[in-house]
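Protein chains: 2
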Amino acid sequence: MKTDILYQHGTLGALVPGLLNGTQKLSELLTHGDFGIGTLTGLNGELIILAGTVYQVQASGQVVVITDGDVPFANVHFAAFGASSPVAVQTAEAAEATMLSQIGTRNLFAAVSIHGQFDDMTTRAVKAQHRPFPGLAATAADQAVFSRDQVTGTLMGYWSPQLYAGMASPGFHLHFLSDAHDFGGHVLDFAGAAGDLATQVFSDVQLHLPTADQEFLQADLDGDLLADITKAEH
Amino acid sequence: MKTDILYQHGTLGALVPGLLNGTQKLSELLTHGDFGIGTLTGLNGELIILAGTVYQVQASGQVVVITDGDVPFANVHFAAFGASSPVAVQTAEAAEATMLSQIGTRNLFAAVSIHGQFDDMTTRAVKAQHRPFPGLAATAADQAVFSRDQVTGTLMGYWSPQLYAGMASPGFHLHFLSDAHDFGGHVLDFAGAAGDLATQVFSDVQLHLPTADQEFLQADLDGDLLADITKAEH
Numbered sequence: 001m002k003t004d005i006l007y008q009h010g011t012l013g014a015l016v017p018g019l020l021n022g023t024q025k026l027s028e029l030l031t032h033g034d035f036g037i038g039t040l041t042g043l044n045g046e047l048i049i050l051a052g053t054v055y056q057v058q059a060s061g062q063v064v065v066i067t068d069g070d071v072p073f074a075n076v077h078f079a080a081f082g083a084s085s086p087v088a089v090q091t092a093e094a095a096e097a098t099m100l101s102q103i104g105t106r107n108l109f110a111a112v113s114i115h116g117q118f119d120d121m122t123t124r125a126v127k128a129q130h131r132p133f134p135g136l137a138a139t140a141a142d143q144a145v146f147s148r149d150q151v152t153g154t155l156m157g158y159w160s161p162q163l164y165a166g167m168a169s170p171g172f173h174l175h176f177l178s179d180a181h182d183f184g185g186h187v188l189d190f191a192g193a194a195g196d197l198a199t200q201v202f203s204d205v206q207l208h209l210p211t212a213d214q215e216f217l218q219a220d221l222d223g224d225l226l227a228d229i230t231k232a233e234h
Numbered sequence: 235m236k237t238d239i240l241y242q243h244g245t246l247g248a249l250v251p252g253l254l255n256g257t258q259k260l261s262e263l264l265t266h267g268d269f270g271i272g273t274l275t276g277l278n279g280e281l282i283i284l285a286g287t288v289y290q291v292q293a294s295g296q297v298v299v300i301t302d303g304d305v306p307f308a309n310v311h312f313a314a315f316g317a318s319s320p321v322a323v324q325t326a327e328a329a330e331a332t333m334l335s336q337i338g339t340r341n342l343f344a345a346v347s348i349h350g351q352f353d354d355m356t357t358r359a360v361k362a363q364h365r366p367f368p369g370l371a372a373t374a375a376d377q378a379v380f381s382r383d384q385v386t387g388t389l390m391g392y393w394s395p396q397l398y399a400g401m402a403s404p405g406f407h408l409h410f411l412s413d414a415h416d417f418g419g420h421v422l423d424f425a426g427a428a429g430d431l432a433t434q435v436f437s438d439v440q441l442h443l444p445t446a447d448q449e450f451l452q453a454d455l456d457g458d459l460l461a462d463i464t465k466a467e468h
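Chains A and B supply the protein sequences, listed in that same order. Numbering of the first sequence is given in my numbering, commencing with residue 1 and proceeding in unit increments. Numbering of the second sequence is given in my numbering, commencing with residue 235 and proceeding in unit increments.
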């Protein structure tokens with residue numbers, strides 16, 4: 001079980017023109033890690049994977065445990081976080097600065113986790129799209145937004161360096177799951193975080209692409225997709 | 235021995251500001267493949283790896299077999315090419331079109347090899363740079379150019395999709411080694427190729443980064459490096 005490698009199925013650039021079909025089974029994805037984030041076919045909800053359990057935050061706001069499904073895009077790794085340290089910050093920007101400082105470089109991929117209390121947490125879950133799939137920008141705009149005050153849970157996800165912007169969302173890509181498993185999603189903003197921060201820095205990132213998916217193989221992904229990526233993921 | 239994975243040490247974007255220090259031993263690199271391309275500290279020559287043997291084309295034009303050295307950047311994989319097919323083309327553009335057609339998609343990483351005769355082959359080898367290292371564009375301009383008529387050898391290298399332009403040179407990155415081991419380098423152009431083409435398409439690419447190199451960890455790689463990459467590699 002390798003803990004120095006981040007595994008990714010699918011590539012962010014393929015979502016931009018609307019290649020939202022799930023191309024890897026959840027069961028296969030989980031052979032590459034027990035911690036991670038992702039989504040299902042049609043960007044149906046936001047996935048949070050903790051200790052090998054997959055939670056889906058649906059656009060209804062409901063959180064369910066799932067054991068089956070096909071992912072167009074996901075990141076997982078085997079959790080072996082470093083020792084945690086206390087963190088208490090007022091803003092998401094301050095939290096990101098603290099996380100990046102603990103990672104120690106902008107130039108490696110890393111996983112982050114803050115377990116604790118958040119005075120205010122705002123998340124979103126994309127609504128499931130159906131064929132013909134719209135592009136990523138339109139899909140991301142069709143989202144439900146949720147807010148919760150004084151919520152205890154896990155803020156988690158990955159740091160990706162700017163250089164790999166076609167493959168992964170540059171900067172932090174963060175999801176949240178409450179300890180009560182009744183609230184979560186893709187993190188839009190938060191404030192007043194107090195908890196324990198842990199990070200895990202990777203030497204390697206393994207990108208796995210859907211070799212059997214004809215839509216992917218034939219798609220035109222050569223354009224300037226970065227503007228759409230930035231708009232959709234932040 | 236996995237044959238569906240392309241291994242890369244280092245990232246192209248880091249060469250742009252001049253991070254030319256070798257950060258992986260050749261012996262370690264070779265545990266990840268027996269076929270590949272790369273360079274040594276200071277971009278000292280062009281490496282061609284065939285059947286586990288590493289040939290260095292020096293800026294003098296001399297080709298030597300090396301067993302030791304540190305690479306800032308290299309791609310290797312375990313060769314398991316598909317059945318070869320005859321190819322006869324007049325130009326490098328036609329050869330690239332034929333290779334891409336055999337790969338079958340622009341959206342996966344792939345290895346290519348054409349063994350045969352080339353009416354005209356033009357290569358370059360960068361001259362070894364020393365500290366303080368110049369940037370990639372200046373380094374690539376400080377090159378020796380070689381030409382050979384009616385040469386028999388192996389044109390080989392990789393196709394990388396445009397999406398990953400920060401990590402790998404987009405399009406084909408090709409090196410050449412003559413059968414006589416007396417001529418080769420980074421391919422600039424060629425004409426009149428007749429030989430056997432083989433390709434190997436990868437589901438996975440594993441990017442390995444130099445986690446112990448402080449220069450890399452602290453470098454500012456967030457700018458728009460793609461223009462310099464395109465200029466230097468083509």
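Virtual Cβ for every residue (Gly too), placed ideally from N, Cα, C. It should be emphasised that the depicted structure is a prediction, and the values quoted were computed from it without experimental measurement.
The C-beta of residue 347(B) has 16 or more other C-beta atoms within 10 Å across all chains shown, which makes the residue buried. When C-beta atoms of the region 435 to 455 of chain B are compared with those of the region 246 to 255 of chain B, three or more pairs fall below 8 Å, so the two segments count as touching.
Taking 8 Å as the cut-off, the beta carbon of residue 72(A) is found closer than this to the beta carbon of residue 39(A). Put simply, of 119(A), 103(A), 50(A) the residue whose alpha carbon is nearest the alpha carbon of residue 152(A) is 119(A). For residue 364(B), the secondary structure class from DSSP, reduced to helix, strand or coil, is coil. Here residue 77(A) is actually not in contact with residue 51(A); their C-beta atoms are around 13 Å apart, not less than 8 Å. If you check each beta-carbon in the region 106 to 123 of chain A against every beta-carbon of chain B, the ones closer than 9 Å belong to 106, 107, 108, 109. Following the DSSP letters along the chain, one finds residue 177(A) inside the beta strand (DSSP E) bounded by residues 171 to 178.
Of all residues in the region 194 to 209 of chain A, those with a C-beta nearer than 9 Å to a C-beta of chain B are 201, 202, 203, 204, 205, 206, 207, 208, 209, reading in chain order. Assignment of residue 35(A) by DSSP, reduced to helix, strand and coil, places it in the strand class. In the DSSP assignment, residue 60(A) falls outside any alpha helix (DSSP H) and carries neither an H nor an E.
Following the DSSP letters along the chain, one finds residue 332(B) inside the alpha helix (DSSP H) bounded by residues 326 to 337. Going by DSSP, residue 249(B) is part of no beta strand (DSSP E) but of the alpha helix (DSSP H) stretching over 246 to 249. Taking a C-beta distance under 8 Å as the contact criterion, residue 42(A) and residue 130(A) qualify as a contact pair. When DSSP states are grouped into helix, strand and coil, residue 47(A) belongs to the strand group. The C-alpha of residue 375(B) lies about 27 Å from the C-alpha of residue 107(A).
Look at residue 350(B) here: in three-state DSSP terms it is strand.
DSSP, read as helix, strand or coil, puts residue 185(A) in strand. Not one beta carbon of chain A lies nearer than 8 Å to the beta carbon of residue 251(B). When only Cα atoms are considered, residue 59(A) and residue 46(A) end up about 9 Å apart.
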